[in-house]
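K.L.:
In our numbering, the protein residues as written are 363 to 554.
1) Under a three-way DSSP split, which group does residue 475 fall into?
2) Going along the chain, which unbroken runs of the alpha helix (DSSP H) with 4 or more residues stay wholly within the stretch 413-441?
3) Tell me where the alpha helix (DSSP H) around residue 526 begins and ends.
4) So, do the stretch 413-432 and the stretch 387-401 have three or more beta carbon pairs nearer to each other than 8 Å?
5) Please report the distance separating the alpha-carbon of residue 515 from that of residue 522.
6) Can you tell me whether residue 398 is helix, strand or coil according to DSSP?
7) What does the Cβ neighbour count give for residue 533, buried or exposed, with the cut at 16 atoms within 10 Å?
8) Hey, residue 531 and residue 462: beta-carbon distance below 8 Å or not?
Pasting the structure below:
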């Protein structure tokens with residue numbers, strides 16, 4: 363089963379970003395029959411769980427926000443995203459939503475995750491592997507098997523952008539290329 367899971371973004375997405383994804387990426391997902399699930403935090407506490415915004419093989423809309431976003435939390439706390447200390451904002455507003463949903467649906471099976479880290483991002487992949495190993499030990503089994511297809515291909519950022527241009531005829535700015543390369547915020551997942 364092929365599933366592309368997207369969470370509610372941690373930053374406010376650009377309107378052009380949403381439009382380009384709806385116009386160019388979602389038709390490819392529909393054509394290939396790839397299940398596209400959009401999920402977000404249902405509320406501030408982890409106990410609120412997650413809310414599925416969309417779950418379909420016929421996607422037509424990208425949701426720009428869910429019930430509780432990083433922006434909501436920052437406004438409530440009067441703060442800004444924290445970059446030190448293990449990407450706490452990313453973990454709370456990206457990984458939590460996706461992983462909670464995938465673990466609920468996996469039935470205890472290992473879920474494969476493809477990350478879009480490019481060939482210039484080996485350190486990010488090593489860090490992700492380290493944190494995943496810790497989560498697996500805590501769970502007592504391999505919850506997620508991480509894979510990095512762009513690293514295996516040796517593709518850097520320019521290679522990815524060239525592929526998108528060749529495939530879609532577009533030059534996507536860096537902030538939007540994340541949708542085309544399966545990054546941390548957009549993951550193509552497969553139950554194995």
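Backbone N, C-alpha and C fix where the C-beta goes; we use that ideal spot for every residue, glycine too.
Every value quoted in this text rests on a predicted model; they were computed, and no experiment measured them.
P.N.:
Once the coordinates are examined:
1) strand
2) DSSP runs (the alpha helix (DSSP H)) wholly in the stretch 413-441: 432-439.
3) 519-530 is the extent of the alpha helix (DSSP H) around residue 526.
4) yes
5) 10 Å
6) strand
7) exposed
8) no
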